[in-house]
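Take a look at the structure set out below.
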Amino acid sequence: MDELLQIRNLNVGFLVKKKPINIINQLNLDIYKDEILAVIGETGCGKSVTGSAILHLLPENAIVSGSIMYKGQETLHMKDSEFRELRGNEIMCVPQSPSTSLDPLMRVGKQVSECTLGKKHNRTDAKAVVKSKVTDIFGKLKLPRGASIYDDFPCELSGGMCQRVLISMGILTHPDLLVIDEPTKAIDWALRKDVLEILSELRQEMNCAMMLITHDIPLANRLADRVAVMYAGEIVEIGKTADVLEHPIHPYTQGLIASTPSKGFKVMKGFMPAFSDLPDGCRFKDRCPYACESCGQGTTELKEAENNHMVRCNRQIGQTEEGSVKYVGSYQLMQELRVGVLAK
Amino acid sequence: MKNNLNKVIDFLNRKNVMLFVGGACCTILILVTILAPILELHDPTEMNLSASFMAPCANYPFGTDNLGRCIYSRVIEGSRISLTTASIVVILSAAIGTVVGLIFGYSGGITDAVVMRIVDIFLAFPTIVFALAVSTVLGTGQKNLIIAICCIQWTRYARMARGEVVLLKNAEYIEAAKAMGNNKFQIIFKYLLPNVASKILILMSLDIGSIILYCASLSFLGLGAQPPSPDWGAMISDGKDYLRFSPWMSLFPGLSIAFSALSFNMLGDGLRDLIDPRMRESVNPE
Amino acid sequence: MGKYIIRRVLAILLVLWAVATLTYFTVHVTPGDTAMAILIERDGPEAVNEETLNFIRTKFDLSRPISVQYFEWLGNAVRGNFGISYRNNMPVKDMLSIRLPNTLKLGGTACLISLLIALPLGVMSALKHNKLLDHLSRILTLALSSFPGFWLAIMGIVLFSIKLNWLPTSGMNTPSSIILPALTLSVGMTAATTRMLRSSMLDVMNQDYMIVARSKGLSKSRTIVSHGFRNAIPPIITIVGLQIGHILGGAVIIENIFAWPGIGDLFINAVNSKDTPMIEGCVILISFGYAFINLVVDIIYACIDPRVKYTNGGN
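Protein sequence lines correspond, in order, to chains A, B and C.
For reference, each letter of the first sequence is one residue, going 12 to 355 in the numbering used here.
For reference, each letter of the second sequence is one residue, going 1036 to 1321 in the numbering used here.
For reference, each letter of the third sequence is one residue, going 1069 to 1383 in the numbering used here.
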């Protein structure tokens, strides 16, 4: 598969009162052509920051290092004017919170068409052409009243309609990479179904890679080809959707899935550590039911557990005789631990 | 040099300098008002025609006026008039305006419309014009000045409080408060007032400065405290006729007005920066 | 939109009627014999005799009941006729129409100066948030808004007219006469507008839609102009409307200081000589101007901000 986007050793921090606070730690992530990668994790784990880093939309007090390659081109150190050729054209995003993401004083149609009309090199695009493109997309997204919505203001639309306007903003330029930030956040169940339908239709129609940032696990399950699980600024597990969500290895992923309503609503104990006060060793160890002494020191690396299924956990590292990495179920682990204790 | 400048800017950014400087200046002002009799070198109303139009000197730090009165002592005494007038006006108009704005803004409907029309009527007069018109009826004097300014000023608070309430009253937490069985007055005073209070407080502290200026303008026109009371505005007006040879007669009272208005403006500005969190930077990783 | 404008116009007419009535009953109904007061004011106490008093009563229409007087006065006032000045026997209407252009000239110049300084300064101050320029402009505007305009005017006369002899002290005989009054009049509005624009811009810059605009690939400057500045404008329009009221009020004093022959100067003289018809005429004219400007402001606001229709326009 072709890598569209390669993120290598990405670090993102913020200067808060002159002190840097590191949010994203040594992140490695690939997004392949035409795939949907879902990034899941709880609020504040750094999902959206990763998205903003890809789009160069971090606030001014952010410190970024590492490398983000797009189509083999390093983008991290591009000047804003250079990067703008990509952002808003080949790389697009659908922002979260539709109610505050639209300019209240501009007609929505104009806000959408700004994606192409607002740029210098695109003056040739006649306004009428863009307008018909926009109304086409509005129709495709089943916005009621289709074309007439073009001249409405955001305050005249419902939340779900605003969400769809934002989605049409994202797909107007037929991007190669679409970063969708929390599409189902603050949306009721019926609308969530709509958004899900729209996204799965888009997936079939458009040849476009999507990075789906969400904490909606069923949504990720329905749409994504691969899933990455983030915890406290690190990827703790990544792999094919079926592998990660059906056979989770990392205790955090297991906990996340167990906490979904359909899987029993079992809430994990504890809270994510504050970024200003991260523990040594594994960042999850304080909440981990299987934490042992070795989790407290050094860094836990992301290692391959199965084919293309990477996990950041000491527990599964090749401790079996064959030397190959094998998933150790919790029951087995408990057994092993007990044997270990008895042997001592 | 550049480095030092950056350090200064950095300091200004980190600390709420406005609040500290404004607070300090206001404290000085209030102390001056309280200690006025001790600070005065001469009786502020004592005339000494042989010493008229004296330029600032050791005995008369700010010089003397056309009647030979000590301008320094008059300026010190004038702070009492200026500050008491301004604080009475602000407290009175804020109290009236806030209550009216909250109650009618929350109730809505016809009463709200009527009250807001009344507010509009008062707002249709520029303050000074209205006060001048009122003075032809009430006559001059400090009390009438306070009434005249209050008549206009309460509407600012009423409008502000109403505007906030109209925005807030459909907010979810107000709906929640209603659902919890709070009655109208509980909602207004327990849930809406605390949300409006900070803005009212900021408006009050910002208003004192402009009210000091209004009072000065009106007493400059002869509407405020009557002679021989040492009112700053009236002193500037007295000095207006002698600009050619004794400009200090107008200079020092004007500087005192500016200093007190500036102190309260800085305090208000600092308070706003402190209370209004929107102005501060925040970091949101998600 | 049309409905909104009609509603606003009707509301303003109502307000103006209330303003006129309030003014009439506060100013007109003074205790004591008005005819006597006029006579003493004009010719001194020794001129009082029954014949002259009767003459004045018929001339200024003072003998009939106040309610009759009020309705006749209101009917005339609608046509701009405020009666005859007690002081110099000229129709108030004519005096006002001679003086009005001068006040408009002075006020208009002051507004223009304010906007020319405030708009760029406010935007730059917000864009250079917490930099040197921002701090300088904050300190400057804070200081300017704390100085009384009339005192600045007097000090301006001392410095530029008396000491340096650059500008005339008063009147409007030379083109340079307007500089000092217009500058001192504009100070308050400049400071208030700059500060408001700065905070309004800062507020807007933190909004989500600003980041979204950047995500569309728009340049920083275009984002600031078409989304930032545009959203910062509505509060500014309101402030400008209010500040024009301050300019009208300030003009009363500034015109008096500089002997600028405008409405304000006329008004102060009328107040000092208790010239009731003239006071009424001035107050109503100034309030009318203020109300009219605020009507324009409201209409512009509604044109820019569609949300107005949903919060105000409903009923």
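For glycine and all other residues, C-beta sits at the position ideal for the given N, C-alpha and C.
Is DSSP giving residue i helix, strand or coil here?
i: F25/A; result: strand
i: V336/A; result: Only weak support is given to the placement of V336/A: the predicted model assigns it a pLDDT of 38, under 50, and the value that follows is read from those uncertain coordinates. Note: V336/A maps to coil in three-state DSSP.
i: P31/A; result: strand
i: S1087/B; result: coil
i: C219/A; result: coil
i: V350/A; result: Confidence in V350/A is poor, its pLDDT being 44 and thus under 50, which makes the residue's placement unreliable; the coordinate value appears in the next sentence. If DSSP states are grouped into helix, strand and coil, V350/A belongs with the helices.
i: G250/A; result: strand
i: H88/A; result: coil
i: I260/A; result: coil
i: Q330/A; result: Interpretation of Q330/A is limited by its pLDDT of 42, a score under 50 that renders its predicted location unreliable; the figure taken from the coordinates is listed afterwards. If DSSP states are grouped into helix, strand and coil, Q330/A belongs with coil.
i: E245/A; result: strand
i: R10/A; result: Not covered by the structure: residue 10/A. The range shown for chain A is 12 to 355.
i: T1133/B; result: helix
i: T225/A; result: strand
i: R237/A; result: strand
i: M283/A; result: coil
i: I362/A; result: The requested residue 362/A is not part of the displayed model; chain A covers only 12 to 355.
i: T1099/B; result: strand
i: E14/A; result: strand
i: G170/A; result: helix
i: G1244/B; result: helix
Checking contacts by CB at 8 Å: is residue i closer than that to chain C?
i: D1078/B; result: no
i: A1193/B; result: no
i: P1161/B; result: yes
i: T111/A; result: yes
i: E125/A; result: yes
i: T1133/B; result: no
i: T1171/B; result: yes
i: C166/A; result: yes
i: C104/A; result: yes
i: A1168/B; result: yes
i: S108/A; result: yes
i: N1300/B; result: yes
Tell me, please, which residues DSSP counts as bridged to residue i.
i: M1223/C; result: Answer is none; M1223/C lacks a bridge partner.
i: L1232/C; result: Partner(s): none; L1232/C has no beta bridge.
i: R98/A; result: I102/A
i: V176/A; result: In DSSP, V176/A forms no bridge with anything.
i: K314/A; result: V322/A
i: M1215/B; result: BP columns for M1215/B are empty, so no partner.
Could you tell me whether any Cβ in chain A is nearer than 8 Å to the Cβ of residue i?
i: Y1154/C; result: no
i: Q1275/C; result: yes
i: R1266/C; result: no
i: R1298/C; result: yes
Can you check whether the C-beta of residue i is within less than 8 Å of a C-beta belonging to chain B?
i: H1314/C; result: yes
i: L1195/C; result: no
i: I1354/C; result: yes
i: A1211/C; result: yes
i: R1302/C; result: According to the sequence displayed, residue 1302/C carries Pro and not Arg. By this cut-off, P1302/C is not an interface position.
i: G1330/C; result: no
i: V1339/C; result: yes
i: F1215/C; result: yes
For residue i, go through chain D and note every residue whose CB falls closer than 7 Å to its CB, in chain order.
i: G1349/C; result: Judged by its chain identifiers, the structure shown contains no chain D, and its protein chains are A, B and C.
Worksheet entry | Positions along the region 1078-1094 of chain C whose CB lies within less than 9 Å of some CB in chain B | A1079, I1080, L1082, V1083, L1084, A1086, V1087, L1090, T1091 and T1094
Worksheet entry | Contact the region 1154-1166 of chain C vs the region 1330-1349 of chain C: 3+ CB pairs below 8 Å | yes
Fill in: Within 9 Å of chain B by C-beta, residues of the region 1357-1381 of chain C in sequence order
Y1358, A1359, N1362 and T1379
Worksheet item: When the Cβ atoms of the region 1287-1304 of chain B are set against those of the region 1210-1219 of chain C, are three or more pairs found closer than 8 Å?
Response: yes
Worksheet item: Using Cβ-Cβ distances below 9 Å, what residues of the region 222-234 of chain A are close to chain C?
Response: none
Discussion item. Using a Cβ-Cβ cutoff of 8 Å, what residues of the region 1174-1203 of chain C are near chain B? List them in chain order.
Written reply: N1198, K1199, L1200 and H1203
Item to complete: Residues of the region 1280-1295 of chain C with a CB closer than 8 Å to any CB of chain A: list them in chain order, please.
Response: V1280, A1281, R1282, S1283, K1284, G1285, L1286, S1287, K1288, R1290, S1294 and H1295
Worksheet item: Given 8 Å as the limit, is there contact between the region 168-187 of chain A and the region 90-106 of chain A, that is, 3 or more CB pairs closer than that?
Response: yes
Worksheet item: Counting Cβ pairs closer than 8 Å, one from the region 268-277 of chain A and one from the region 290-309 of chain A, do we hit at least three?
Response: no
Item to complete: Mind checking the region 1249-1260 of chain B against chain C and listing, in chain order, the residues whose C-beta falls within less than 7 Å of any C-beta there?
Response: A1251, S1252, F1255 and L1256
Worksheet item: Taking any Cβ of chain B, which residues in the region 1130-1147 of chain C have a Cβ under 8 Å from it, in chain order?
Response: none
Worksheet item: Per the contact definition of three or more C-beta pairs closer than 8 Å, is the region 1266-1284 of chain C in contact with the region 53-68 of chain A?
Response: yes
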